[in-house]
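If you read the sequence shown in full-length UniProt numbering, its first letter stands for residue 1, the second for the next number, and so on.
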Amino acid sequence: MNISEFCKTFNLLDFVREHLEGHKPFSMALEDFEVTFHDVGIIEFKPKKESQQYLALSAGVHGNETAPMEIVSDMVHDLLNGQLALKCHLLIMIGHPQAMLKEERFIDFNLNRMFSGEWKQYWEQRDEICEVERAKRLEQAVSDFFAQSCANDTRSHYDLHTAIRASKYQKFAIYPYLDSREHNPAVLNLMQDFGVNTILLYHKPSTVFSYHSSSNFKADSITVELGKVKPFGANNRDDFADAEKTLRALVDSSYSYDHSSRYKTNGQRLFKVKRELVRISDDSHLNVDDDLANFSSFDKGFELLSDPEEPYIVENDGEAIVFPNNNVPIGQRMALVVEEV
1 MNISEFCKTF
11 NLLDFVREHL
21 EGHKPFSMAL
31 EDFEVTFHDV
41 GIIEFKPKKE
51 SQQYLALSAG
61 VHGNETAPME
71 IVSDMVHDLL
81 NGQLALKCHL
91 LIMIGHPQAM
101 LKEERFIDFN
111 LNRMFSGEWK
121 QYWEQRDEIC
131 EVERAKRLEQ
141 AVSDFFAQSC
151 ANDTRSHYDL
161 HTAIRASKYQ
171 KFAIYPYLDS
181 REHNPAVLNL
191 MQDFGVNTIL
201 LYHKPSTVFS
211 YHSSSNFKAD
221 SITVELGKVK
231 PFGANNRDDF
241 ADAEKTLRAL
251 VDSSYSYDHS
261 SRYKTNGQRL
271 FKVKRELVRI
281 SDDSHLNVDD
291 DLANFSSFDK
301 GFELLSDPEE
311 PYIVENDGEA
321 IVFPNNNVPI
331 GQRMALVVEE
341 V
């Protein structure tokens with residue numbers, strides 16, 4: 001098959017399904033860029049014209065979150081066929097091919113708890129936990145990609161998800177902890193163009209993919225929840241139109257990503273973490289329904305967490321909960337208590 005025919009018929013998700021065990025790297029030179037297929041679901045596009053923009057897009061870190069994978073798959077097809085111009089350095093990653101094939105969140109362990117080197121803690125179990133090798137491979141792909149950039153170049157990573165739980169605000173994003181750095185107004189403005197008007201400012205280092213890129217490469221990185229989990233083929237792409245349009249504009253540089261821009265509030269809600277609720281014992285229990293929506297709020301005085309040693313009583317009207325889960329082991333997070341900034 002020649003290059004033209006390969007590009008015309010190429011479908012990223014089908015290609016990933018057909019190469020689950022990996023493949024040898026190969027490259028193709030097209031008119032405006034070179035594309036390298038590094039590994040299963042890891043593709044890099046290098047423009048022939050100079051660019052100071054380095055953009056990494058990941059989707060499918062959870063294999064049942066299908067809409068973002070469909071979006072980036074279509075973008076790859078259009079790039080290969082000249083229907084989308086490439087004006088930046090671009091890395092595309094389908095996070096968890098094995099889970100994608102089964103349309104399951106993960107196989108052995110939550111992949112989005114494996115980054116920032118957390119996979120090293122499980123290295124001896126890599127034959128039993130397939131996510132260990134994948135986390136290592138994705139970290140290496142990001143490292144190799146951003147290593148090509150210079151100090152003044154823009155480095156960005158958007159980790160695209162859909163949520164398994166309903167949310168009071170359907171689209172929201174988690175901005176990783178920045179340590180001594182400040183939140184970038186350009187990222188917050190970009191999220192508004194994604195159709196994301198609720199941002200959770202995270203409060204500490206973590207092991208999610210977006211924090212890894214942010215912490216290690218000073219990338220403008222964020223986890224984006226674009227809606228609800230649905231099977232392949234069942235997504236209403238109109239629900240994701242703003243995000244898809246903006247992603248394409250980032251790739252062809254028609255979007256003005258201005259670091260000097262001021263923050264446009266436009267009704268965007270910013271939340272900060274007030275308290276992390278951790279399971280201390282078998283008696284720890286959240287007093288909420290299992291299907292409670294993210295960002296549901298409570299009145300002052302409500303006993304949100306029952307525990308003989310450390311219960312949590314809501315201290316102020318309007319405190320909300322994110323990621324509630326009663327089914328976690330002792331020592332792990334049961335929920336975040338958040339409040340609007």
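For each residue, glycine too, the CB sits at the ideal point set by N, CA and C.
Computed from a predicted model, the values in this text were never measured in an experiment.
For residue i, collect the residues of the same chain with a Cβ closer than 6 Å to its Cβ; drop the 5 residues on either side in sequence, then sort them by chain order.
i	result
Asp317	Asp299, Lys300
Val314	Phe298, Lys300, Phe302, Leu304
Asp244	Reading off the sequence, residue 244 comes out as Glu, not Asp. Around Glu244: Ile71.
Pro205	Tyr177
Leu91	Glu44, Ala56, Phe145
Phe271	Leu200, Val338, Glu340
His212	Phe115, Ser116
Lys264	Asn189
Ser210	Asp159, Pro176, Ser221, Ile222, Thr223
Pro25	His38
Ser161	First, the residue type needs correcting, since residue 161 is His and not Ser in the sequence shown. Hits under 6 Å: Glu65, Glu225.
Ile174	Leu200, Tyr202, Thr223
Excluding five sequence neighbours on each side, which residues of the same chain lie with their C-beta closer than 7 Å to the C-beta of residue i?
i	result
Lys274	Glu319, Val337, Val338, Glu339
Gln268	Leu188, Gln192, Asn197, Ile199
Tyr158	Leu57, Ile222, Val224
Asn266	Gln192
His19	Val40
Val16	Val40, Gly41, Ile94, Pro97, Met100
Val76	Leu12, Ile43, Ile92
Glu104	Gly63, Asn64
Ala135	Leu111, Met114, Phe115, Trp119
Phe10	His77, Leu80
Asp283	Asp307, Pro308
With DSSP as the reference, label residue i as helix, strand or coil.
i	result
Glu309	coil
Thr246	helix
Leu178	coil
Val187	helix
Lys87	coil
Met28	strand
Asp299	coil
Leu292	coil
Val273	strand
Ala234	coil
residue 361	The structure shown does not extend to residue 361, since the chain is modelled only from 1 through 341, so no value can be given for it.
Ala173	strand
Please confirm whether residue i has its beta-carbon closer than 8 Å to some beta-carbon of chain D.
i	result
Val196	No chain D appears in the structure shown, which is made up of a single protein chain.
For the alpha helix (DSSP H) containing residue i, list its first residue and its last residue.
i	result
Ile3	3–9
Ala135	131–146
Met100	97–102
Arg126	Counting along the chain, Arg126 falls outside any alpha helix (DSSP H), and DSSP gives it neither H nor E.
Val16	12–18
Thr66	66–80
Phe33	Here Phe33 belongs to no alpha helix (DSSP H); instead the beta strand (DSSP E) covers 33–39.
Ser210	209–217
Go through its chain and collect everything with a Cβ distance to residue i's Cβ below 8 Å, but skip five positions before and after it.
i	result
Ala293	Arg165, Ala166, Ser167, Lys168
His23	Phe37, Asp39, Val40
Glu34	Ser27, Met28, Phe45, Lys46, Lys48
Phe106	His62, Gly63, His96, Ala99, Glu131
Tyr257	Gln53, Thr154, Ser156, Ala186, Leu190, Leu250
Trp123	Val132
Glu309	Ile280, Ser281
Assuming residue i and residue j are in contact, meaning their beta carbons sit under 8 Å apart, how far apart are those beta carbons, in whole angstroms?
i	j	result
Ser149	Tyr255	Incorrect: roughly 19 Å between the Cβ atoms, too far for contact.
Asn235	Ala29	The pair is not a contact, with the Cβ atoms about 34 Å apart (cut-off 8 Å).
Cys130	Asp108	6 Å
Leu12	Ser73	4 Å
Asp242	Phe194	6 Å
Asn326	Leu286	5 Å
Val288	Ile330	In fact, because the Cβ distance is near 19 Å, the residues do not count as touching under 8 Å.
Taking the beta strand (DSSP E) that residue i falls in, what are its first and last residues?
i	result
Met334	333–340
Leu111	Taken as a continuous stretch (DSSP letters only), Leu111 belongs to no beta strand (DSSP E), as it is neither H nor E.
Glu319	319–322
His157	154–163
Tyr54	53–59
Val224	220–228
Lys46	42–47
Thr198	198–201
(request) State whether the stretch 207–219 contacts the stretch 109–127, with contact taken as three or more CB pairs (one from each stretch) at a distance under 8 Å. (result) A contact is defined here as three or more CB-CB pairs under 8 Å, and the stretch 207–219 meets this definition with respect to the stretch 109–127.
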